[in-house]
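J.: Counting from 1, one number per residue, gives the positions in the sequence shown under our numbering. My questions will all concern the structure given below.
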Amino acid sequence: MAPVDEVREFMECMGGATSVLKKARAKERARIGLQKLGYGAKNGTWKNIYLTGAYELENPPRPAINAMAPQGLQEGEVTINFMVDGMPEGLNPDTGWHLRLSNGALTGHGICCASYSEAPNTQFKVTGDVSAWNTIGCLTTAPNKAFNIVTP
Numbered sequence: 001m002a003p004v005d006e007v008r009e010f011m012e013c014m015g016g017a018t019s020v021l022k023k024a025r026a027k028e029r030a031r032i033g034l035q036k037l038g039y040g041a042k043n044g045t046w047k048n049i050y051l052t053g054a055y056e057l058e059n060p061p062r063p064a065i066n067a068m069a070p071q072g073l074q075e076g077e078v079t080i081n082f083m084v085d086g087m088p089e090g091l092n093p094d095t096g097w098h099l100r101l102s103n104g105a106l107t108g109h110g111i112c113c114a115s116y117s118e119a120p121n122t123q124f125k126v127t128g129d130v131s132a133w134n135t136i137g138c139l140t141t142a143p144n145k146a147f148n149i150v151t152p
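Dropping the structure here:
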């Protein structure tokens with residue numbers, strides 16, 4: 001089918017040109033309404049939801065990420081490895097954390113640690129499963145960037 005014929009058939013299926021224009025105006029009104037609600041919201045959560053909905057109606061949808069493709073994981077996802085590699089810059093040497101992964105939730109609490117020593121520890125030993133971070137990385141899934149808030 002030729003592109004012109006395809007467009008005509010599509011417009012006919014949507015109820016004609018006037019119906020398509022009505023739907024476009026309704027979408028624009030919804031965007032304006034969500035934007036006004038977002039600017040007027042006092043609560044940060046609702047402000048974010050309203051403005052995200054307005055942004056979604058104004059801009060094309062984001063492409064979905066193929067997690068199986070190597071470039072899919074390089075598009076802004078924060079991995080466990082990334083978090084662990086960045087930890088030394090922000091760690092307080094006098095405190096520590098105990099992390100628990102249970103029922104799909106990673107929780108933790110602070111624990112007391114020995115104070116930081118300037119002298120290197122040459123007898124440092126690692127016990128337990130050192131591949132635990134890799135296991136956690138395999139159990140996590142990247143969020144779907146193409147998830148719509150307002151549109152179906």
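Virtual Cβ for every residue (Gly too), placed ideally from N, Cα, C.
Quickly, what does DSSP pair residue 102 with across the bridge? List them, please.
T.: Residue 102 is bridged to 105.
J.: CB residue 33 to CB residue 46, shorter than 9 Å?
T.: Taking 9 Å as the Cβ cut-off, residue 33 and residue 46 do not qualify as a contacting pair.
J.: Rank 150, 101 and 10 by C-alpha distance to the C-alpha of residue 134 and give the top, closest one.
T.: When only C-alpha atoms are compared, the closest one is 101.
J.: Tell me the DSSP secondary structure of residue 3 in three-state form.
T.: Looking at residue 3 - three-state DSSP - the assignment turns out to be helix.
J.: Helix, strand or coil for residue 62 per DSSP?
T.: Residue 62 falls in the coil class under three-state DSSP.
J.: Taking the Cβ atom as the reference point for each residue, do residue 31 and residue 54 lie within a distance shorter than 9 Å?
T.: Yes, they are a contact pair.
J.: Assign residue 73 to one of three DSSP states: helix, strand, or coil.
T.: Low confidence applies here, because residue 73 scores a pLDDT of 48, under 50, leaving its location unreliable and the question unanswered by this model.
J.: I'd like to know whether the C-beta atoms of residue 28 and residue 150 end up nearer to each other than 9 Å.
T.: It is not a contact, given that the beta carbons lie outside the stated cut-off.
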